[in-house]
Amino acid sequence: MEINLNRAINLIEKKERKYKNERFAQYGLKSMHHDYLKTVQFHPGISQEEIAEEVVADKANVARQLACLEKKGYITRHTCQKDSRRVEVYLTEAGKAVVQETKKVMDAMNEKLTEGINEEESLIFNEILKKMMHNIENL
């Protein structure tokens, strides 16, 4: 039986979002917040515009989500001293701690998602995904 690729990707994404939302709720977070927090963790001082590019979201949505994360005490935003137009984003200590907790959720989800897939299949699938991601960039 042939599988509809778009349907499969959408189904996986919806179930993944539900799984993360259920487990992140105890931290007052939604599924997309992990991506924002991880991006800031890997790029301290990143601008809101750069976050928008990294997580593929519009600037207005990024500003709203960052305001939410700031209100919860997970990030701080500071105006850059060299360029007053640039707002830099940093994790707080609480943000660093919650990233460690959300990472555990992500690791468990990824382990379940890849259950029964051997290393060779995983490597092939990763190569296929890279090609697909490249292809979608050229639409």
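All residue numbers in the sequence shown are consecutive under the working numbering, ending with 121.
Just so it is clear, CB atoms sit at the ideal spot from N, CA and C, and this is done for glycine as well.
This one's a predicted model, so the numbers in the text were calculated from it and none came from an experiment.
Would you mind reading off the limits of the alpha helix (DSSP H) that contains residue i?
i	result
ILE(-6)	-13 to 6
HIS16	13 to 24
ASN43	41 to 53
GLU32	30 to 37
With a threshold of 8 Å on Cβ separation, who are the neighbours of residue i within its own chain once the five nearest residues in sequence on each side are excluded?
i	result
ILE28	THR21, VAL22, GLU36, GLU70 and VAL71
GLU52	THR58 and ARG59
Buried or exposed: where does residue i fall if 16 or more other Cβ atoms within 10 Å of its Cβ makes it buried?
i	result
LYS2	buried
HIS60	exposed
GLY98	exposed
THR96	exposed
LEU(-13)	exposed
GLN47	buried
VAL38	exposed
LEU73	buried
PHE6	buried
LEU(-7)	exposed
LEU121	exposed
LEU111	exposed
LEU19	buried
With distance defined between alpha-carbon atoms, name the residue in the options nearest to residue i.
i	options	result
ASP140	LYS(-4), LYS(-3), VAL81 and TYR9	Nothing in the structure corresponds to residue 140, since the chain is present only between -17 and 121.
VAL87	GLU4, CYS50 and LYS112	GLU4
GLY77	ALA90, CYS50 and ASP89	CYS50
ILE0	MET14, ASN117 and ARG(-11)	First, the amino acid is wrong: residue 0 is Lys here, not Ile. Minimum Cα distance to LYS0 is reached at MET14.
GLN8	ILE118, GLU109, LYS112 and GLU83	GLU83
GLU75	MET91, ASP89, LYS94 and ILE57	ILE57
GLU(-5)	LYS112, PRO26 and MET91	MET91
Leaving aside the five residues before and after residue i along the sequence, list all residues of the same chain whose C-beta is less than 6 Å from its C-beta, in chain order.
i	result
ASP65	none
CYS62	ARG68 and GLU70
VAL44	GLN30, ILE33 and ALA34
Which residues in the same chain have their Cβ closer than 7 Å to the Cβ of residue i, if we skip the five residues on either side of it in sequence?
i	result
LYS54	GLY10
Unbroken beta strand (DSSP E) runs of length 3 or more, entirely within the segment 58 to 113: which are they? Fully enclosed beta strand (DSSP E) runs of 3 or longer: 69 to 73.
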